[in-house]
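Below is one structure; the comments refer to it alone.
Number of protein chains: 2
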Amino acid sequence: MPTYKAPVENALFLLNDVFHIERYGNVPSFAEATPDTVAAVLSEGGKFVEEVLQPLNRVGDLEGCERHSDGSVTTPKGFKEAYRALTEGGWIGLAMEPEFGGQGLPHTIAIIMTEFMTSANMAFAMYPGLTQGAFLAIRLHGNDEQKKTYLPRIANGEWAATMNLTEPHCGTDLGMLRTKAVPQPDGSYKITGTKIFISGGEHDLASNIIHLVLARIEGAPAGTKGISLFIVPKFLVNKDGSLGARNGVSCGSIEEKMGIHGNSTCVMNYDNATGWLIGAENRGLNAMFTMMNEARLGVGVQGLSMSEVAYQNAVAYAKERLQGRSLTGPKNPDKPADPIIVHPDIRRVLMTMRAFNEAARAFVIWTALQGDLVMQGEDEKTRQAADDYMGLMTPVLKGFLTDMGFQNAVLAQQVFGGHGYIAEHGMEQFVRDARIAMIYEGANGIQALDLVGRKLPKDGGRAAMAYFAELSAFIKAHAGDEAMQPYVKPLEAALGDLQKATMWFMQNAMQKPDNAGAGSYDYMHLFGLVQLGYMWAQIAKVALEKKSKGNGAAAEMDAKLTTGRFYMERMLPETAAHLARIQSGADAVMALPAEAF
Amino acid sequence: MPTYKAPVENALFLLNDVFHIERYGNVPSFAEATPDTVAAVLSEGGKFVEEVLQPLNRVGDLEGCERHSDGSVTTPKGFKEAYRALTEGGWIGLAMEPEFGGQGLPHTIAIIMTEFMTSANMAFAMYPGLTQGAFLAIRLHGNDEQKKTYLPRIANGEWAATMNLTEPHCGTDLGMLRTKAVPQPDGSYKITGTKIFISGGEHDLASNIIHLVLARIEGAPAGTKGISLFIVPKFLVNKDGSLGARNGVSCGSIEEKMGIHGNSTCVMNYDNATGWLIGAENRGLNAMFTMMNEARLGVGVQGLSMSEVAYQNAVAYAKERLQGRSLTGPKNPDKPADPIIVHPDIRRVLMTMRAFNEAARAFVIWTALQGDLVMQGEDEKTRQAADDYMGLMTPVLKGFLTDMGFQNAVLAQQVFGGHGYIAEHGMEQFVRDARIAMIYEGANGIQALDLVGRKLPKDGGRAAMAYFAELSAFIKAHAGDEAMQPYVKPLEAALGDLQKATMWFMQNAMQKPDNAGAGSYDYMHLFGLVQLGYMWAQIAKVALEKKSKGNGAAAEMDAKLTTGRFYMERMLPETAAHLARIQSGADAVMALPAEAF
Chain A
396 MPTYKAPVEN ALFLLNDVFH IERYGNVPSF AEATPDTVAA VLSEGGKFVE
446 EVLQPLNRVG DLEGCERHSD GSVTTPKGFK EAYRALTEGG WIGLAMEPEF
496 GGQGLPHTIA IIMTEFMTSA NMAFAMYPGL TQGAFLAIRL HGNDEQKKTY
546 LPRIANGEWA ATMNLTEPHC GTDLGMLRTK AVPQPDGSYK ITGTKIFISG
596 GEHDLASNII HLVLARIEGA PAGTKGISLF IVPKFLVNKD GSLGARNGVS
646 CGSIEEKMGI HGNSTCVMNY DNATGWLIGA ENRGLNAMFT MMNEARLGVG
696 VQGLSMSEVA YQNAVAYAKE RLQGRSLTGP KNPDKPADPI IVHPDIRRVL
746 MTMRAFNEAA RAFVIWTALQ GDLVMQGEDE KTRQAADDYM GLMTPVLKGF
796 LTDMGFQNAV LAQQVFGGHG YIAEHGMEQF VRDARIAMIY EGANGIQALD
846 LVGRKLPKDG GRAAMAYFAE LSAFIKAHAG DEAMQPYVKP LEAALGDLQK
896 ATMWFMQNAM QKPDNAGAGS YDYMHLFGLV QLGYMWAQIA KVALEKKSKG
946 NGAAAEMDAK LTTGRFYMER MLPETAAHLA RIQSGADAVM ALPAEAF
Chain B
396 MPTYKAPVEN ALFLLNDVFH IERYGNVPSF AEATPDTVAA VLSEGGKFVE
446 EVLQPLNRVG DLEGCERHSD GSVTTPKGFK EAYRALTEGG WIGLAMEPEF
496 GGQGLPHTIA IIMTEFMTSA NMAFAMYPGL TQGAFLAIRL HGNDEQKKTY
546 LPRIANGEWA ATMNLTEPHC GTDLGMLRTK AVPQPDGSYK ITGTKIFISG
596 GEHDLASNII HLVLARIEGA PAGTKGISLF IVPKFLVNKD GSLGARNGVS
646 CGSIEEKMGI HGNSTCVMNY DNATGWLIGA ENRGLNAMFT MMNEARLGVG
696 VQGLSMSEVA YQNAVAYAKE RLQGRSLTGP KNPDKPADPI IVHPDIRRVL
746 MTMRAFNEAA RAFVIWTALQ GDLVMQGEDE KTRQAADDYM GLMTPVLKGF
796 LTDMGFQNAV LAQQVFGGHG YIAEHGMEQF VRDARIAMIY EGANGIQALD
846 LVGRKLPKDG GRAAMAYFAE LSAFIKAHAG DEAMQPYVKP LEAALGDLQK
896 ATMWFMQNAM QKPDNAGAGS YDYMHLFGLV QLGYMWAQIA KVALEKKSKG
946 NGAAAEMDAK LTTGRFYMER MLPETAAHLA RIQSGADAVM ALPAEAF
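Going line by line, the protein sequences match chains A and B.
If you read the first sequence in the numbering used here, its first letter stands for residue 396, the second for the next number, and so on.
If you read the second sequence in the numbering used here, its first letter stands for residue 396, the second for the next number, and so on.
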């Protein structure tokens, strides 16, 4: 049976020693996020997920969710109690505003808790996860009455929430959506249509489910410019806040999926359901993007989470499983064989995961911190810079981290040999669960297109130029530091590849947009590799400082320096292959006529 | 529901136009393998798998195998009838010797049929697949009575066969195996022990199951030098060939696995079961390697098979699914959107699979042809050269093709977006099924070690040097051919990387063997990439010749030339990243003490 221990220490090291969150005391939500408070919250959160959520991971996979003939859905055994404990602990509202009943902590802290929850039980963590985006959408785009009605009970977990975008004939291309909204004399709308792949569309965890639904108001323009966003609660809410009649929305079926069986993925039928417009007419996509950016960050975290828990279990197995002898002579001479961790190829796999995990966690925390600054930064310049960074990095974080998370779950499974393919060890569940993160919230190919086609050229490339300048300044600042060269030199080369690729798009994609499309996926990975390299360089700097000051455990700092070096020598050089593919352009990619396939 | 069409035309193109099998008429099994016969066999075989096996693929996944309380095992609905049709068609004995009731065709033809069967239904194809290796082991190592007793009924499919190696505490490290064999006065042995992960260990397809079992004769030396191979039939066979008493071997349980649910993966309990030694005492591993090399070739083919069927379904979906518009303007202006095959990133994925499939098929066919020459080549030099090639290439074929097959199943699933994650489309089954091929018959990390640690240095590196010389000669021979430069130039660069990596091992791994272990996996992939590059160069040459002679459909030849160019521009350059990782050595891989993980 798999185990999990929340990496609290590592998160605190990144928050305090690498990113110095004490510097952000002027940001409202950080005021009370003192090192002691944060340590207490994360340590309590870690304990909660280890003791309450992780033991339910396998039962969730085996049992899955069941839809009954009346359309109600039962979640796996134990999920209801765990959800109640989650709400009672105040975990859902951790980063929500106190005026709506939240704890008011930074998102930076909440995202770490999301990582922990997802490692422990991804299918479970998706229920409260989706609620986060819905809260934000209502808070930013809802009117006062909507905020007052829904937010406090979303924040305390009494009500859950969903996002309803996809229809059978349209996923990525939302311009084709058909669900219609007919205005009623009382200001409400009647919503009719079918939505698919709705995570947590129906379940037994909360007393009400607030659906945020994209639909087209009768007579609205075709395409994406005619889409509006609606609040459609499962139970209508009376003036006094009590639950009223059942609304015309129901779960038609549950999908049979590859993984995340503990989460109910529903076909939702809207049949003259009562809904209320949120935000402006025909501006629904705009409001939905608020949720999607939040959700994309959360999905990127899932890649890290799966990689971390898979890594932990692979390490435990590699230390315990005896098979073969070390190439350099027996390490365990009084036993019939050495533990497989002595074999370089097993090490290669473990180091690959390890080198990803810590840098990916840094990437996630840094990005969430920028998210807090977008909302609460004290001046326009700060907010602007943070927003530029978020826009540019969200597709990289979502696409790159989920690809790597899946790859690492597969690597971890491989460490187990045949036992990795057997369900009881739990490794194959990590692979099946991790797979979805590459697909939902915009398949990773769409993330890559968003990066190259939209985020890169936005505002004359301002965000990318600021990013390149930041890295160049870091590299320059450490040019004279001998001990930093194993980190800074490879980073410089990789940044050069990223800049060359960017330049190549500028010169070749205007006239021939297929050149951008054909190189977009490689560019997303190239960007992700550079970003993790930058994270490692910053971690290495802190580790070197701590070592030289005799401050912090030397062995732990050495482990960071070694892991960072592995990243630089073994993973970062892949940037060159990405650049070569990008520069080969679209010719060979597009030359074959469609009929020839 | 997924579909499958056997790529008969492509196999015939490779056999006839690229590898000119008519040249091998002097090899006994090729004498009757005229182009017409081969075309008829493959076309009939293709029809059989499309009509009989493929429709059972999903039901096999859904139903799985069931073990009853008496230890008997029922295969999924329809498997029994399909197996009967397979035996009646003579497909199991296609490449087995006529003296034992086989059809006597080359293995080169049988391996293509294995590809087709596996694409159509991998879990089903494993039942007859394992029989192939057992047949060979008995034919090469059994005595006359054993051959007479078992081979004809294995060849006609009346009896099935299995390989029993793994035990709970030992998989890769067979030296630790504990199953014991006690000699009996009548020359038989009593076998006692537990074997796990036995594919097809028990089922209802055949009237008897012949288990080949590794065990240790009482008093034999410890380690691998004390292992012998035994024949242990499920039902003892009477002198007259009729079935006698039930032997002391039974299925204790069926494993719950990630995929290949239609194949029964059994825990087999041997409790004083009667067995007969096959081959010499304590030389069991040697005999077992005969089966394992055969099986490794078959497993490598599974990588190709899964990639091919996943590709076909991804192409069909990409042509049909309407979503978004081409970057170069609408291609489908009268419809609400363009088919997704217009998008460069979808093309990139389809081309990646396509560029793998045809070259991997060439690799498989060429290797099987060498296998035929090992057995039947007319002179020692021919047999030797073929054997060198087989030894060197078996780990590459197994490891590289199964890694890529899985990767491509994942890519194909991605083309379907959310629909790829849903069971009904069948794409997630391909991913789950393809995953096992990277693990069994020696996990791919073991293949890599076998390549670098054993096959490469064997006979002073003779096999590798012959391979490098062959490629160099090919490159030199086409140095003046302008049209071949887009294929020969990249191949030359990639071969250079392979040679540099080989040299690096020679210079750095003697003193420090961890340098070999740390680079072995990258070396296996580097080798595989070069080999597929060589296959594409040969295909390109034929396509150019056919075009210039106006011989063969020009559009088809153009498609090959384009696909080959894609391979050269987009896939082959990855060799540089592998070389960089190899040359970074073992330092960063091994530096961390085990406790630090």
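The beta-carbon is built from N, C-alpha and C at its ideal position, and this holds for glycine as well.
Beta-carbon spacing of residue i, residue j below 8 Å
| i | j | result |
| --- | --- | --- |
| residue 1027(B) | residue 447(B) | Outside the shown range of chain B (396 to 992) lies residue 1027(B), about which nothing can therefore be said. |
| residue 831(A) | residue 593(A) | no |
| residue 885(A) | residue 792(A) | no |
| residue 847(A) | residue 743(B) | no |
| residue 398(A) | residue 708(A) | yes |
| residue 677(B) | residue 616(B) | yes |
| residue 640(B) | residue 623(B) | no |
| residue 506(B) | residue 526(B) | no |
| residue 668(B) | residue 642(B) | yes |
| residue 797(B) | residue 833(B) | yes |
Spatial distance of residue i from residue j (CA atoms)
| i | j | result |
| --- | --- | --- |
| residue 577(A) | residue 666(A) | 12 Å |
| residue 972(B) | residue 891(B) | 13 Å |
| residue 843(A) | residue 853(A) | 15 Å |
| residue 384(B) | residue 695(B) | Chain B is shown only over 396 to 992; residue 384(B) falls outside these bounds and no answer can be derived. |
| residue 704(A) | residue 515(A) | 8 Å |
| residue 631(A) | residue 546(A) | 15 Å |
| residue 472(B) | residue 657(B) | 10 Å |
| residue 919(B) | residue 486(B) | 33 Å |
| residue 956(A) | residue 938(A) | 7 Å |
| residue 975(B) | residue 965(A) | 8 Å |
| residue 584(A) | residue 636(A) | 20 Å |
| residue 940(A) | residue 757(A) | 18 Å |
| residue 368(A) | residue 816(B) | There is no way to answer for residue 368(A), as the model of chain A reaches only from 396 to 992. |
| residue 933(B) | residue 404(B) | 17 Å |
| residue 771(A) | residue 402(A) | 28 Å |
Three-way DSSP call (helix, strand, coil) for residue i in this model
| i | result |
| --- | --- |
| residue 463(A) | coil |
| residue 979(B) | coil |
| residue 598(B) | coil |
| residue 912(B) | helix |
| residue 892(A) | helix |
| residue 648(B) | strand |
| residue 606(B) | strand |
| residue 685(B) | helix |
| residue 811(B) | coil |
| residue 668(B) | strand |
| residue 834(A) | coil |
| residue 655(A) | coil |
| residue 723(B) | coil |
| residue 422(A) | coil |
Closer than 7 Å: residue i CB and nearest the ligand COA heavy atom
| i | result |
| --- | --- |
| residue 552(B) | This structure lacks the ligand COA; in fact it carries no ligand of any kind. |
**Prompt:** Counting Cβ pairs, one atom from each stretch, are 3 or more of them under 8 Å apart for the segment 417-424 of chain A and the segment 459-479 of chain A?
**Reply:** Counting Cβ pairs under 8 Å, fewer than three are found: no touch.
**Message:** Tell me whether the segment 850-869 of chain B and the segment 774-784 of chain B touch, counting them as touching only if at least three CB pairs, one residue from each stretch, are closer than 8 Å.
**Reply:** Taking 8 Å as the limit for Cβ pairs, the verdict is that the segment 774-784 of chain B does touch the segment 850-869 of chain B.
**Prompt:** If we count Cβ pairs, one from each stretch, closer than 8 Å, do we get three or more for the segment 919-929 of chain A versus the segment 741-757 of chain B?
**Reply:** Because the criterion of three Cβ pairs below 8 Å is not met, the segment 919-929 of chain A and the segment 741-757 of chain B do not touch.
**Asked** Which runs of the alpha helix (DSSP H), 4 residues or longer, sit entirely within the segment 463-522 of chain A?
**Response** You should have 474-483, 502-515.
**Message:** Taking contact to mean 3 or more Cβ pairs, one atom from each stretch, closer than 8 Å, check whether the segment 896-908 of chain B and the segment 729-745 of chain B are in contact.
**Reply:** Touching, no.
**Asked** On the three-pair Cβ rule with 8 Å, is the segment 713-728 of chain A touching the segment 553-561 of chain A?
**Response** The segment 713-728 of chain A is not in contact with the segment 553-561 of chain A.
**Message:** Restricting to runs no shorter than 4 residues, where is the alpha helix (DSSP H) found entirely within the segment 512-598 of chain A?
**Reply:** Complete alpha helix (DSSP H) runs here, min 4: 517-536, 539-550.
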